[in-house]
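Going by the numbering used here, the sequence shown opens with residue 1, and the numbers climb by one from there. Beta carbons: idealized from backbone N, C-alpha and C, even for Gly.
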Amino acid sequence: MENYGNDLFKGANHKLFEFSKVLRKTQTDTEELVWQSLRNRNILGFKFRRQHPLHKYIADFYCHEAKLIIEIDGGIHNQVDNIEYDKNRSYELEELGIKVLRFTNDEVNESLEMVLNVIRGYLQK
Numbered sequence: 001m002e003n004y005g006n007d008l009f010k011g012a013n014h015k016l017f018e019f020s021k022v023l024r025k026t027q028t029d030t031e032e033l034v035w036q037s038l039r040n041r042n043i044l045g046f047k048f049r050r051q052h053p054l055h056k057y058i059a060d061f062y063c064h065e066a067k068l069i070i071e072i073d074g075g076i077h078n079q080v081d082n083i084e085y086d087k088n089r090s091y092e093l094e095e096l097g098i099k100v101l102r103f104t105n106d107e108v109n110e111s112l113e114m115v116l117n118v119i120r121g122y123l124q125k
């Protein structure tokens with residue numbers, strides 16, 4: 001971790017690191033499906049991390065070299081408060097130079113290949 005300096009985590013605090021460990025152990029089936037596709041540099045050789053502390057958030061999946069976050073959103077993200085929170089969160093992260101791609105659970109479960117193609121398309125830019 002030290003090789004990357006603070007840039008890898010953008011100042012995330014220690015509580016986020018502890019919580020990210022819990023999230024890795026309790027990931028959803030949909031997150032697991034995406035993780036199996038992203039892990040071990042399976043997508044164009046890019047390294048992804050799961051439940052990665054970044055700034056004051058935890059990204060579902062993060063690729064440091066591409067400055068890309070992949071978020072998998074369940075139904076709770078459709079609630080008005082969460083829509084606004086997610087919008088602000090994405091804005092803050094994009095201000096740090098990090099692109100956020102969001103997919104719903106339904107998109108992953110019904111069309112995983114489409115989701116992976118969108119990710120590949122971004123990575124090939």
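DSSP three-state label for His-77, please. Translated into the one-based positions of the sequence shown, residue 77 becomes position 77. Low local confidence applies: a pLDDT of 49 at His-77 is under 50, so the model's placement there is unreliable, and no value is given.
task: Please classify Gln-124: is it buried, with 16 or more other beta-carbons within 10 angstroms of its beta-carbon, or exposed?
output: Mapped onto the sequence shown, residue 124 falls at position 124. Exposed: under 16 other Cβ atoms inside 10 Å.
*asked:* Quick check: the Cα distance between Ile-98 and Asn-105, rounded to an integer number of angstroms?
replied: Start at 1 with the first residue of the sequence shown, and residue 98 comes out as number 98. Start at 1 with the first residue of the sequence shown, and residue 105 comes out as number 105. The straight-line gap from Cα to Cα measures roughly 22 angstroms.
- Query: Would you say Val-34 and Ile-70 are within 8 angstroms of each other, going by their C-beta atoms?
  - Reply: As a first step, residue 34 is located in the sequence shown; it is residue number 34 there, counting from the start. As a first step, residue 70 is located in the sequence shown; it is residue number 70 there, counting from the start. Against a cut-off of 8 angstroms, the Cβ pair of Ile-70 and Val-34 comes out as a contact.
Taking Phe-103 as the reference, give the member of Phe-61, Gly-11, Phe-17 and Leu-23 with the closest Cα. The sequence position of residue 103 within the sequence shown is 103, counting from 1. The shortest C-alpha to C-alpha distance from Phe-103 to any of Phe-61, Gly-11, Phe-17 and Leu-23 is the one to Phe-61.
Rounded to whole angstroms, what is the Cα-Cα separation between Gln-51 and Ala-12? For the purposes of this step, residue 51 is identified with residue 51 of the sequence shown, where counting begins at 1. For the purposes of this step, residue 12 is identified with residue 12 of the sequence shown, where counting begins at 1. Spanning the two alpha carbons is a distance of roughly 12 angstroms.
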